[in-house]
Amino acid sequence: MEKLEKLLSKALEAKDNAYAPYSQYCVGAAVLTSKDNIYASCNVENISFPCGICAEAGAISAMIAAGERKIKAILVTSNGSDLVYPCGACLQRIAEFGDKKTKIYLADAKEVRQTYCLKDLLPYNFNTKDLSHE
Ligand code: THU
Numbered sequence: 104m105e106k107l108e109k110l111l112s113k114a115l116e117a118k119d120n121a122y123a124p125y126s127q128y129c130v131g132a133a134v135l136t137s138k139d140n141i142y143a144s145c146n147v148e149n150i151s152f153p154c155g156i157c158a159e160a161g162a163i164s165a166m167i168a169a170g171e172r173k174i175k176a177i178l179v180t181s182n183g184s185d186l187v188y189p190c191g192a193c194l195q196r197i198a199e200f201g202d203k204k205t206k207i208y209l210a211d212a213k214e215v216r217q218t219y220c221l222k223d224l225l226p227y228n229f230n231t232k233d234l235s236h237e
């Protein structure tokens with residue numbers, strides 16, 4: 104199976120498990136790492152709305168917990184009628200572990216409909232050496 108197809112099927116599988124009783128908006132995200140592994144997750148809402156977690160954040164957390172650090176690509180899909188663009192906070196999360204060329208695929212239930220680089224969606228991100236202790 105093509106990597107992109109696998110990425111889509113993992114994101115769709117996660118989307119079907121989304122916990123979105125408040126918005127009914129189900130999102131699935133799947134990250135492809137530099138080691139060619141895939142980590143997927145869905146949005147997890149909460150009755151205390153700000154406690155909700157985006158699908159991308161969950162997928163990135165799963166990648167980190169597995170010991171990986173580099174995002175080559177991320178695919179996002181939803182049950183909405185329009186494509187879902189990662190929110191601003193998630194773009195910053197992707198920037199932490201990706202680079203300007205990291206691919207962002209937006210898909211519907213069948214296929215990838217738009218392909219971007221992180222630079223397209225987030226030309227500038229918060230990134231300063233002042234906070235680095237290395
Ligand atoms: N959501 C995501 O999972 N990812 C995004 O990038 C945008 C929004 C979720 C959060 C919330 O559960 C639902 O979509 C509606 O905002």
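With the working numbering applied, the sequence shown closes on residue 237, and no number is skipped along the way. Every residue, glycine too, gets a C-beta built ideally from N, C-alpha and C. Just so you know, these numbers come straight off a predicted model, no measurement behind them.
Where residue i falls: helix, strand or coil (DSSP)
i: Arg172; result: coil
i: Lys138; result: coil
i: Pro156; result: At residue 156 the sequence reads Ile, which differs from the Pro that was named. DSSP places Ile156 in strand when its eight states are reduced to three.
i: Gln58; result: No information on residue 58 is available, as it lies outside the stretch 104 to 237 that the chain covers here.
Cβ-heavy atom distance, residue i to the ligand THU, below 7 angstroms
i: Ala158; result: yes
i: Ser241; result: Residue 241 lies beyond the range of the chain shown here (104 to 237); nothing can be said about it.
i: Gly201; result: no
i: Pro189; result: yes
i: Cys193; result: yes
i: Asn149; result: no
i: Val130; result: yes
i: Gly155; result: yes
i: Asn182; result: no
Residue span of the beta strand (DSSP E) that contains residue i, given as start and end
i: Lys206; result: Lys206 to Ala210
Host alpha helix (DSSP H) of residue i (start-end)
i: Asp223; result: Leu221 to Leu224
Residue i - partner residues in DSSP beta bridges
i: Tyr122; result: Val147
i: Gly131; result: Cys145 and Thr180
i: Thr218; result: Tyr208
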